[in-house]
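In my numbering, the protein residues as written are 149 to 468.
In C-alpha cells, the structure reads:
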C-alpha cells in the first residue's frame, strides 16, 4: 500500500519522467496484487474526479502527507532494527568476552590417595589439594567459583588484577554450603555428610539454606550439615593445617579418629575391638613416606597397650 501511494503521488504531481512511468509499469506487472491495488486506487480516483478543481490541491496534499508519514514510519522501523541489531552485537560481544577473556578459566583438578599438590590460578589464587581431592574451577567475567567435589583444599585468594570491573567475588561451593571468601586464607574439608571450614586469615561468609549468612573470622572453625545453620566448633584434636607440612599432629585424639585420618593417605582397612577405639593418642605422624598409615600403626603399637595384627584383608587392633 505504501508503494502504491508513493507511485500515485509521483505520477499525479507531473514530475514523473518516462523512465519513472516505465518502472511503474514494471511494478504493476511484478505482482498481481500490485495490479489489483492500482486498479482499485484508479477507480477511486475516477470517483473523486467530480471533486471541484479548487479542492483538488487538498487531496494532493493529503496524499503527500500520507507518503511523508510512510517514509517516517520506514525510518523508525529502520532505526528500531538497527537498535535491535546493536543489542544483539553487544550481547554477542559480551558472550565472547566472558568465554575467551583473560579472566575466563574452566578447569578440573584432582589428586590421588596420598598425593598433595599446589596450583596457582589465573587470578593469583594459590590452591592446595590434599589427598584424594577433586575440584571444578569456573572463572567468569564477574565471579570466581570453585566447586569442591570431594576431599580438602587450602586457599589463599589472589588479588585478581586481571578483572575487568574490580575484584570479582570468590566462592567455594560444597554439598552442604556456599562459602564467600572476603580476602582470606582458609581450608575447606568436604566429608560425606558435612563440610568443615577453618579460617586462618580474613573473613569467610557461610551461606547455608535460607539462613542469614554467618561470618567466620581468623582462627575459627565451623561445621555445616545440610540446610542447618553453621555450627562453630572448638579446635579439633588435630592441627587442621598440619597436612600442608606433610604431617598429622594429634592432641589427645581418639584412636579410631586418628586411623580414619591416616587411611585418607593410604588405602588401608583397619578394625578395632570395642575397648580400643576410644583410646587417646598424641603425636606427630609423617605423611611424606611410603605407607604412612601402616607405619603409624606400628608406632602407636609401641606407645599404647594394643596389639596390631595383619589379617588377610585388614589390620586388627586389640588390647594386649
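Beta carbons are placed, not taken as given, at the ideal position from N, Cα and C, and that holds for glycine.
Span separating the alpha-carbon of residue i from that of residue j
i           : j           : result
residue 346 : residue 390 : 12 Å
residue 247 : residue 292 : The pLDDT assigned to residue 247 is 49, lower than 50, so where the model puts this residue is not dependable; a value taken from the coordinates is nonetheless given after this. Cα to Cα, the separation comes out at about 14 Å.
residue 294 : residue 396 : 26 Å
residue 465 : residue 262 : 23 Å
residue 183 : residue 177 : 7 Å
residue 165 : residue 173 : 13 Å
residue 446 : residue 456 : 8 Å
residue 410 : residue 256 : 26 Å
residue 289 : residue 273 : 16 Å
residue 467 : residue 450 : 12 Å
residue 181 : residue 171 : 16 Å
residue 264 : residue 377 : 31 Å
residue 420 : residue 286 : 43 Å
residue 340 : residue 453 : 32 Å
residue 385 : residue 316 : 36 Å
residue 360 : residue 461 : 48 Å
residue 322 : residue 277 : 15 Å
residue 426 : residue 405 : 9 Å
residue 283 : residue 408 : 22 Å
residue 402 : residue 350 : 31 Å
residue 332 : residue 463 : 41 Å
residue 436 : residue 348 : 24 Å
residue 241 : residue 314 : Below a pLDDT of 50, predicted positions are generally treated as unreliable, and residue 241, at 49, falls in that range; the measurement from the model is reported next regardless. Approximately 20 Å, taken between the alpha carbons.
residue 424 : residue 334 : 34 Å
residue 394 : residue 302 : 14 Å
residue 434 : residue 357 : 38 Å
residue 304 : residue 422 : 42 Å
residue 169 : residue 175 : 10 Å
residue 207 : residue 185 : Since pLDDT at residue 207 reaches only 48, below the 50 mark, its modelled position is unreliable, and the value read off the structure follows with that caveat. In a straight line, the C-alpha of residue 207 is about 19 Å away from that of residue 185.
residue 281 : residue 342 : 15 Å
residue 458 : residue 298 : 30 Å
residue 179 : residue 167 : 19 Å
residue 448 : residue 300 : 25 Å
residue 244 : residue 379 : Caution is warranted here: a pLDDT of 49 is assigned to residue 244, below 50, making its placement in the model unreliable, and no coordinate value can be reported.
Residues sharing a beta bridge with residue i, DSSP
i           : result
residue 351 : 330, 365
residue 317 : 291
residue 299 : 338
residue 465 : 420, 456
residue 343 : 338, 372
residue 265 : 277
residue 257 : 283
residue 381 : 369
residue 396 : 433
residue 402 : 428
Whole-angstrom C-beta distance between residue j and residue i, which should lie under 8 Å
i           : j           : result
residue 336 : residue 320 : 5 Å
residue 269 : residue 253 : 7 Å
residue 279 : residue 259 : 6 Å
residue 296 : residue 338 : 5 Å
residue 398 : residue 369 : Contact doesn't hold; Cβ gap of about 16 Å is too wide.
Closest by C-alpha distance to residue i, when choosing among the options
i           : options            : result
residue 432 : 424, 422, 444      : 444
residue 352 : 318, 259, 430, 420 : 318
residue 312 : 398, 185, 271      : 271
residue 355 : 380, 324, 168, 459 : 324
residue 428 : 400, 187, 434, 167 : 400
residue 388 : 344, 434, 357, 304 : 344
Proximity test, residue i beta-carbon vs the ligand ATP heavy atom, cut-off 7 Å
i           : result
residue 305 : The ligand ATP is absent from the structure shown, which contains no ligands of any kind.
Closer than 8 Å to chain C by CB, residue i
i           : result
residue 310 : Absent from the structure is chain C; it holds one protein chain and no more.
> Are three or more beta carbon pairs between the stretch 370–379 and the stretch 403–416 nearer than 8 Å?
Replying inline: no
>> Below 8 Å, how does it come out for the stretch 350–369 and the stretch 308–318: are there three or more Cβ pairs, yes or no?
In response: no
> Counting pairs of beta carbons, one from the stretch 314–328 and one from the stretch 436–444, are three or more of them closer than 8 Å?
Replying inline: Because the criterion of three Cβ pairs below 8 Å is not met, the stretch 314–328 and the stretch 436–444 do not touch.
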